[in-house]
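Each remark here refers to the structure printed beneath this line.
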Amino acid sequence: MADHNQPHVLLWYRDDLRIADHGPLAYAYDMAPARISALYCYEEADPATGRTLLPLPRAMGAACRWWLRQSLHAHAKALADRNITLYILRGDPAQQIPQFCQEHQVTHVAWQRRYMPHAPTLDRWIKEHLTTAGMSVQSFPGFTLHEPWEITKADGGSFQVYTPYSKAALRQLDDCGVAHHVLREAAAFPPFTSSSQPRDTVDRENVHAAIEALGLPGTGEEIPGIPQTIAARGHAAGADPETVLHHAAAPQSAAISTNDAAACAAPAACDAPDAGKRTAAPTQQSPLPHFPQIAVPHPFALHQDSWWRYFGSYHTPGEHGAQQRLERFLARQAAMRDYAAQRDVPSQPATSELSPHLRFGEISPARIVAETTSRADADELVGSGWAATFFKELLWRDFAWSRLWQHPTMADAPVREKFSSFPWTWMPAVEQPHTAFAASREAITTAITLPNVYAAGGVSPRQQLMIELGRWQAGLTGVPLVDAGMRQLWLFGTMHNRIRMVVGSWLTKNLLIDWRHGERWFWETLVDADHAANPFNWQWVAGCGDDAAPYFRIFNPLTQAAKFDASGAYQQYFLPDAAQCTGQTAVQRAAQSAADELPLSFPDSDPVSDGNPVAHPRSEQPANAAVAAPCYPATPMVAVGESRKQALAAYETIKGL
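Under numbering that gives the first Met the number 0, the residues of the sequence shown are numbered 0 to 656, in order.
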């Protein structure tokens, strides 16, 4: 039993890796206990049995695991600067958390609430277990502006449409501001010391080694802001992660080796030839000066290499990186006030790009609102002002979480039930849990190396799906705006929001591939893949979710390019191979496609099976055509106009349901 005369507060960090505006940390400091500790539990099933006491939230995708490694290092340093050790746990939190608390004589536990499926049940179970053991447990809001159940209609029901939800949420912001959130600068948390926790007690080398022992993508690479002497000693000179990396008495209790194949949760983390090495990026004269000045590689080269190699040239994970992003955004708006007008233009740095920082809780949405409000004029906070428009994006995120709260199966089933009968191509075997990323890489490899596989004849439905999905994933559809977006996703782990809608529409409507294939690919490759926003936005663009775009609203990627990337700068940055292979720039290619509506040179094939009666229009090609070297397609893989007609015909099959 813990000694309550010597309070020991434990902060359980999850998706809230920050110091400022952190309710649990403020609670700990205000209590003035004898000790403060922090921990992060990398949640996974027992590797020996594959079981947990309770279901776990959805496992993090590969790109997010890259971000997590960087963010954990940044947060561990921020805590160490305050004389607080971040312990790293791995395994089933229902076993790990109570055991840690018992072993370390914890008296008080605090965490920030989370809302994804299974998490509230898991947290309640742990709270009951700890309370029964005599500990005090406190939880706090802070991940969203409003908790998922807070904004309701007059009758107490939940909103299913965004516009009335946002109006109600904005009224609450106007009435209460963000006063109900903890807003406390990081400087308000000085180094914590006590007789039980003297100064300089954190073993930074072992904390570093414990994080590296998780085997996350990028393991062994340099971490900005982490002294290389610590990184080198902690990773290579035998520092013992067991003093910080804590395990339950289970098979995973053995020391974790970063060379252990089991530690590489993402297949790409183990199979890259130069994994663990920092690669210098060649430079080019960029049409987008605010983008990293690199020579954008061909998809074939990207997929043969460490796929995360360029993430660090675009992102700075961690709380400091979040603060820099916010300051950069607000400074631009102070000078140009162009967010409302320019946020749909992918070649302009007009958006905040705060979504991955929000995903990991490196900055609170309340802080964003408070800082924006203090920097905007009164007329900019209402109507179509840039600040009001920006707040609506934050509320869209809240709305997604409120809908996930009502529909916990959102990532797996359409909210609008009739779309369960829609003739999309869906093959669960291509997207099995824990193997989705490996299967997608297989699809990409197939699509790149066998572009004319149809010519051989006898293509199975699964092979056809693998090829079409793979060409979309690799940015080789022959539609420049779609391909530029997919290249940005693979290269930097992000994609401009306008382009996300375009590529989603192309997959689900022009190619008639099930939205779940796209949702799973984004889950693996986006650094901001969010439990609520990712499936919610995919259902929105596919037309099968709450307040979704009508199915018949099909984004034409050619007119979208003409409207939002008229100069072609965005497309040209990500598609240098378009001009090399076709003799035309990306924007010239788009103009030709718009005029000619030519299909890609693939032979006609049987309609995709599995209940899909719709065949895409393709042109004939001799069966003995040679397999060409990877090159940018000369024409789109399906004709934009004809495939739109096919999509509308497919919708007619469920329209009356």
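Note that CB positions come from ideal geometry on N, CA and C, so glycine has one too.
Computed from a predicted model, the values in this text were never measured in an experiment.
Identity of the residue in the options nearest residue i by Cα
{"i": "P23", "options": "P46, L71 and F142", "result": "F142"}
{"i": "Q106", "options": "L488, M30 and T350", "result": "Going by the sequence as given, residue 106 is Thr instead of Gln. Here the closest residue by C-alpha is M30."}
{"i": "H356", "options": "P6, D14 and N4", "result": "D14"}
{"i": "L144", "options": "A132, F491, K152 and R112", "result": "R112"}
{"i": "L78", "options": "P427, T200 and H314", "result": "T200"}
{"i": "Q171", "options": "Y161, S157, I150 and P190", "result": "I150"}
{"i": "R81", "options": "C63, A37, A61 and G360", "result": "A37"}
{"i": "R353", "options": "V344, L16 and D527", "result": "Reading the sequence as shown, one finds Leu at residue 353 and not Arg. It is D527."}
{"i": "W11", "options": "Y161, Q559 and V136", "result": "V136"}
{"i": "F573", "options": "T493, H516, G517 and T424", "result": "T493"}
{"i": "Q94", "options": "I125, H72 and R64", "result": "I125"}
{"i": "H103", "options": "T388, L329, A548 and L9", "result": "L9"}
{"i": "I367", "options": "R50, G503 and F389", "result": "F389"}
{"i": "H297", "options": "G60, C630 and R497", "result": "C630"}
{"i": "A412", "options": "Y26, W537, H72 and A73", "result": "W537"}
{"i": "L55", "options": "P119, V481 and R499", "result": "P119"}
{"i": "R57", "options": "Y114, W110 and Y28", "result": "Y114"}
{"i": "Y309", "options": "V295, E318 and D122", "result": "V295"}
{"i": "I210", "options": "R486, V639, R64 and S383", "result": "R64"}
{"i": "P345", "options": "V501, R123 and K654", "result": "V501"}
{"i": "F359", "options": "A561, G60, P46 and D122", "result": "G60"}
{"i": "G517", "options": "A531, Q292, G469 and P479", "result": "G469"}
{"i": "N555", "options": "L511, V481 and A532", "result": "V481"}
{"i": "A186", "options": "V108, Y28 and E204", "result": "Y28"}
{"i": "H74", "options": "Q101, A44, H207 and G90", "result": "H207"}
Buried versus exposed call for residue i [16 or more other C-beta atoms within 10 Å across all chains shown]
{"i": "F290", "result": "buried"}
{"i": "A628", "result": "With a pLDDT of 39 at A628, under the threshold of 50, the modelled position of that residue is not reliable, and the figure given next carries that caveat. With fewer than 16 Cβ atoms within 10 Å of its Cβ, A628 is classed as exposed."}
{"i": "K644", "result": "exposed"}
{"i": "W148", "result": "exposed"}
{"i": "L475", "result": "buried"}
{"i": "D576", "result": "buried"}
{"i": "R17", "result": "buried"}
{"i": "A638", "result": "buried"}
{"i": "D154", "result": "exposed"}
{"i": "T131", "result": "exposed"}
{"i": "P46", "result": "exposed"}
Proximal residues to residue i (C-beta, below 6 Å), its chain only, five neighbours per side dropped
{"i": "P316", "result": "W66, Q69 and S70"}
{"i": "P116", "result": "P407"}
{"i": "M409", "result": "L403 and P534"}
{"i": "T507", "result": "W514 and A541"}
{"i": "A698", "result": "Missing from the structure shown is residue 698; the chain here goes from 0 to 656 and no further."}
Close Cβ partners of residue i (< 8 Å) along its chain, the five nearest in sequence each way excluded
{"i": "D337", "result": "R331, Q347, A349 and W385"}
{"i": "G237", "result": "Caution applies to G237, whose pLDDT of 37 falls short of 50 and renders its modelled position unreliable; the model cannot decide the point."}
{"i": "A33", "result": "Q5, P6, H7, S193, S194, S195 and Q196"}
{"i": "Q323", "result": "T315"}
Limits of the beta strand (DSSP E) - the one that residue i falls within
{"i": "Y12", "result": "H7 to Y12"}
{"i": "C40", "result": "R34 to E42"}
{"i": "G90", "result": "L85 to G90"}
Where the alpha helix (DSSP H) through residue i begins and ends
{"i": "H667", "result": "Shown here, the chain extends from 0 to 656; a query on residue 667 therefore has no answer."}
{"i": "F139", "result": "Premise fails: F139 lies in the beta strand (DSSP E), S135 to F139, not in any alpha helix (DSSP H)."}
{"i": "R198", "result": "Counting along the chain, R198 falls outside any alpha helix (DSSP H), and DSSP gives it neither H nor E."}
{"i": "W306", "result": "Segment: none, W306 is in no alpha helix (DSSP H) and carries neither H nor E."}
{"i": "D397", "result": "W385 to Q405"}
{"i": "M485", "result": "P479 to F491"}
{"i": "A208", "result": "R203 to E211"}
{"i": "A47", "result": "No alpha helix (DSSP H) holds A47; DSSP gives it neither H nor E."}
{"i": "N496", "result": "N496 to S504"}
{"i": "T476", "result": "Unbroken run through T476: none, as it is neither H nor E."}
Any non-hydrogen atom of the ligand GDP within 7 Å of residue i CB
{"i": "Y86", "result": "Annotation note on the ligand GDP: not contained in the displayed structure, which lists no ligands."}
Residues near residue i in its chain [Cβ-Cβ closer than 7 Å; skip 5 each side]
{"i": "E184", "result": "A19"}
{"i": "F551", "result": "L647 and Y650"}
{"i": "T652", "result": "P422"}
{"i": "Q405", "result": "S157"}
{"i": "A548", "result": "W539, V540 and G542"}
Assess contact between the stretch 74 to 91 and the stretch 370 to 381, defined as three or more Cβ pairs (one per stretch) separated by less than 8 Å. Is contact present? no
Evaluate contact between the stretch 149 to 165 and the stretch 394 to 408, counting only Cβ atoms and requiring at least three cross-stretch pairs below 8 Å. yes
Is the stretch 565 to 574 touching the stretch 530 to 546 in the sense that three or more CB pairs, one from each, lie closer than 8 Å? no
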